Amino acid sequence: MEIEEPAKAPKITTNLFSFKTFRSPDKIAYNERNQFFISHPDLTQGTFNEAFLLDTAEKNKTKQEGVIKGLKPVRHYKEIRAMNTDFYDYSCLLMEQRRNDSSRPPFDVKPPEPLSRDHYLSIWNELFIQIVTQQSSAVRQTCLQLIITQFYIENRKRLTIGDISKLTVVIPDILIDWLRRRRYAKCGGELFGVHNLGIQEYRRVEQTLCCYVPGEISHIENIMAREYKEKSTRNLLRTESTTEITNETEIENLNDTTTAERNELSSETAKELQKDKSFDISGSVTVSKDSKIFGSISANVSTGYNNSSSSALSNTEAKNYAKEVTERALERVVQRTSEKRTFKMIKEFEENNKHGFDNRGGKQHVTGVYRWVDKIYDNQLVNYGKRLVLEIEVPHPAQLYKKAMEWENKKKADEQTVLTPPKTLSEFGIDRADDIDSDNAQNAATAYGVTIQNYESQTQYLNVDIPVTEVENKSSSQSQTLNSILIPDGFVAERIDGVGSFNYKTTTGTAYIEFKFSGYVTHQGDYKDKGQKNFDYHFLLNPNLAGSISVVVAYRRTNSYSGSLKVKCVSDPRLITEWQQDTLATLQAAYQKKLDEYNEELKLQQAATQAEADQEKSEDYSNSAINRLIEERELKRASIEMMSKPYCYDMGIGFTNCQTYTCKSTCDEEELKATIPVIIQNQALENYAGFIKFFETAFQWEILSYIFYPYYYNEKCRWYELLQTKNADPIFEAFLQSGMAKVLVPIRPQFEKSVLWYLETGEISPECDVVPETADNRYESLLKDLGNQDEVTVEGKWKTRIPSTLTIIQAKSTYFEDEKGLPCCDGDTTSFGSDDRVLEAKEDKPEPEGE
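Using the UniProt record's numbering, you'd call the opening residue of the sequence shown number 1 and step up by one each time.
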């Protein structure tokens with residue numbers, strides 16, 4: 001019974017590098033052009049053709065538009081077939097001969113008679129109409145098929161069946177130019193930065209790993225007889241951080257005050273209704289006398305009117321009024337703030353490696369030899385033949401990739417970092433003390449976790465009555481000083497509004513009266529005869545008055561006067577300033593505390609991240625294979641964008657819509673809701689699928705090549721940034737710094753006509769038998785040269801030996817048979833002997849104490 005050998009694993013082939021050899025195609029001769037390329041017989045015939053022979057003047061544009069609107073394209077290919085059924089059927093058989101495989105059927109059908117000239121011109125006319133209107137791709141392909149068949153029948157004596165695939169219809173350049181201007185006026189219609197380079201010979205070096213072989217000696221381990229050798233490695237990472245803060249404040253304030261005041265009045269009767277008023281009219285006489293027994297004695301006699309804010313009815317008759325005030329205030333404020341914050345994080349990673357050799361029981365030395373491991377590669381140079389190549393100049397090739405990496409890093413940072421720094425005071429609109437108000441101060445205090453006193457500007461009104469006061473009518477000016485109006489603590493007087501009245505009588509001269517409030521004077525006069533005058537006054541106090549307002553009445557020839565006034569008091573601005581300054585200091589201290597906490601926690605988090613990175617032994621390593629994929633992907637995306645955007649094609653279109661479904665379980669009354677993406681199927685999806693298929697199929701992206709130009713072809717303001725961009729992979733670093741990239745994209749064989757047609761018209765036509773006409777017949781020359789394709793050939797083979805970082809131990813070691821020293825290549829190397837001694841296995845025993 002034969003034993004089947006195990007199947008060998010397939011070898012992995014790596015594309016080591018590729019290179020291209022460019023050459024310009026030979027310009028096609030006139031007779032060669034007429035041999036395989038089919039042109040319109042006479043462009044001057046037909047209204048439709050004549051419209052495109054006109055110049056581009058405005059009057060002719062109107063005529064062209066009129067012609068386009070009057071076109072009636074054929075909608076189904078059967079209408080073309082019905083013109084000549086036999087000719088159409090023969091053309092279908094003829095097109096089958098274009099196959100390159102063995103399924104091509106034999107062809108021995110007798111050709112029909114050629115189409116008449118009028119019929120042939122009508123086919124050309126319909127082809128132009130289909131190109132302009134894009135009505136039916138099937139009708140256009142039918143027209144091309146009939147034109148090629150007509151050309152073959154007329155020239156079958158010099159053409160073979162194999163030449164069918166080489167026949168190509170040439171579309172006049174005047175029609176191509178008109179189509180580009182009309183279709184793509186909004187998008188440009190010019191492929192700037194995209195150039196047709198011509199033909200290249202594409203070669204690639206392919207590498208296959210063949211085997212592993214021993215290389216040079218990497219290490220020799222010697223263990224002497226009776227020797228014990230052990231190596232122990234310990235790697236420990238420990239991170240610990242502790243922060244402790246303690247604040248303590250103690251304040252004590254003691255105040256002791258005693259005041260005694262005694263007044264005696266002969267008689268007083270008061271019946272007052274209190275309405276939050278306070279006013280005194282007083283005249284005082286002071287008598288002072290020295291006494292040997294009691295010292296200096298002073299007496300103060302006064303009459304007064306006092307009104308305060310209570311609603312009680314008071315009737316008091318007092319001969320002795322005594323007031324004794326004793327104040328004792330004891331304030332003891334003990335403020336103790338004790339704060340202890342401890343941040344402690346311990347993260348340990350310990351790795352213990354123990355490696356030893358035990359030759360204590362051996363009588364001879366033991367030697368172990370380690371060898372490097374080399375890799376043997378098979379290389380071959382493969383020629384893939386001729387390719388039509390486009391050159392695309394891509395500006396800023398890495399810009400989108402770097403933006404995506406910035407977004408990814410920011411997203412990761414947001415996911416990993418739950419810490420957020422505290423808002424600064426500026427974010428609350430506080431840059432200085434003047435900016436503080438109750439709202440932003442409270443918002444900041446809430447964010448910082450502190451309590452502050454809210455300050456609200458208050459308004460208080462003082463109502464003062466001046467009762468009817470009778471005075472002696474004199475011809476000279478007199479004055480009386482009334483009790484000052486006391487302004488409450490924390491307030492200032494902002495405005496005084498009042499009314500007054502005085503009774504006067506004069507036989508000679510004039511009478512007047514003045515009310516004076518700390519320098520603000522209202523004057524009423526000068527009146528003759530007798531009478532009574534009522535008046536009002538209004539004062540806006542600037543600056544505001546604090547403490548008290550003096551009241552003085554000046555008059556002449558006056559019998560009596562009276563009045564009332566109202567003082568508007570507002571919060572003292574100085575207190576607001578003090579509150580703002582105190583609040584600012586409190587908020588600044590709270591912010592600094594929050595910031596210190598954040599920085600401390602951030603340090604711990606960074607230490608943890610660093611410890612994790614060290615534990616995983618992360619390195620700044622760049623995978624060159626992945627980098628090549630990234631470079632090719634970004635260059636491919638940019639190249640497709642540059643080739644499609646001028647022709648109004650959009651990339652990145654979505655064809656899904658979200659729809660919510662509600663499901664009710666038969667076993668459960670609970671309703672379940674789910675939002676499912678639904679695919680949108682419409683003509684736009686069909687067009688987009690054709691767009692993707694064309695660009696993914698017609699171009700050989702897998703063998704593109706590119707060159708990155710340096711950073712100084714980028715914007716000057718970005719030079720500093722680009723120079724600082726580093727990467728372990730030098731090619732990828734050039735990609736990240738590049739200001740411009742040159743991309744060479746080969747066209748896949750059999751798609752040359754489709755790509756050339758797209759480059760000129762912007763129309764995607766995968767099955768294309770037409771080519772745009774150019775002044776120098778460039779496209780015809782390219783297609784003729786590409787028609788002579790060679791098979792894929794291997795032009796050379798060789799092997800390479802590459803060292804690796806792997807090591808392996810030899811089965812047998814070596815030793816010196818004598819002590820003559822190390823041998824050299826000029827001397828005798830027979831002093832080496834072969835040794836297969838190994839260390840004997842021994843049971844692990846505990847080490848004796850003290851060793």
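A virtual CB, placed ideally from N, CA and C, is assigned to each residue, including glycine.
It should be emphasised that the depicted structure is a prediction, and the values quoted were computed from it without experimental measurement.
For L722, the enclosing alpha helix (DSSP H) stretches over residues 719-723. At a Cβ-Cβ threshold of 8 Å, L587 and A445 count as neighbours. With respect to the 8 Å criterion, L167 and F192 are not classified as neighbours on the basis of their beta carbons.
Assigned with DSSP and collapsed to three states, K402 falls in helix. Residues D374, I376 of the same chain have their beta carbon placed closer than 7 Å to that of V213, with the five preceding and five following residues left out of the count. Using a Cβ distance threshold of 8 Å, G525 and S475 do not count as a contacting pair. Taking the Cα of V521 as reference, the smallest distance to any Cα among N534, N627, I496, T44 is reached at I496.
Across the set R158, T506, R81, the C-alpha of R81 shows the shortest separation from the C-alpha of S122.
Rounded to the nearest whole angstrom, the CA to CA distance from V551 to Q478 is 14 Å. For H365, the CB contacts under 6 Å within the same chain, skipping 5 residues up- and downstream, are M224, A225 in chain order. A Cβ-Cβ separation of about 13 Å leaves T805 out of contact with R371 under the 8 Å criterion. For I376, the enclosing beta strand (DSSP E) starts and ends at 366-395. Taking the C-beta atoms as reference points, L704 is found nearer than 8 Å to V743. Taking the Cα of V499 as reference, the smallest distance to any Cα among H119, I485, K533 is reached at K533.
In the structure shown, S738 falls within a coil segment according to DSSP collapsed to helix, strand and coil.
Spatial neighbours of W579 in its own chain (CB-CB distance under 6 Å, excluding positions within 5 residues in sequence) are listed in chain order as Y455. Residue environment: A590 is assigned as buried (16 or more neighbouring CB atoms within 10 Å of its CB, all protein chains considered). Inclusion of Y709 and G739 in the CB contact set at 8 Å is warranted, their separation being smaller than that value. As computed with DSSP, F515 is found in a beta bridge with T522, V553.
Sixteen is the threshold: since fewer than 16 other Cβ atoms of the shown chains lie within 10 Å of the Cβ of W798, the residue is exposed.
Burial is judged here by how many other beta carbons sit within 10 angstroms of a residue's own beta carbon; W407 has fewer than 16 and is exposed.
In terms of Cα proximity to T660, the closest of A674, A684, E670 is A674.
Leaving aside the five residues that flank P730 on each side, none in its chain has a CB nearer than 7 Å to its CB. In its chain, beyond the 5 residues on either side, D729, F732 have a beta carbon closer than 6 Å to the beta carbon of N627. By the Cβ criterion, the region 67-79 is in contact with the region 127-134, since at least three pairs of Cβ atoms, one from each stretch, lie closer than 8 Å. Within the model, the alpha-carbon separation for N544 versus L486 is close to 14 Å. Distance between G362 and E227, taken at the CA atoms: about 8 Å.
P395 and E634 do not touch by the CB rule: their CB atoms are close to 12 Å apart, not below 8 Å. Residue state for C143 is assigned as helix, using DSSP reduced to three classes. Between T725 and N379, the C-beta gap is not smaller than 8 Å, which leaves the two residues out of contact.
Taking each of Y555, V492, G519 in turn and checking the Cα distance to K505, the smallest one comes out for Y555. The beta carbon of L115 lies closer than 6 Å to those of Q150 in the same chain, with the five residues before and after it left out. A Cβ-Cβ separation of about 5 Å places A546 in contact with V492 under the 8 Å criterion. In the three-state scheme derived from DSSP, where H, G and I count as helix and E and B as strand, F691 is classed as helix. Apart from the 5 residues on each side of it in sequence, L94 sits with its Cβ closer than 6 Å to the Cβ of T149 in its chain, given in chain order.
Here G563 is bridged, per DSSP, to I466, G500.
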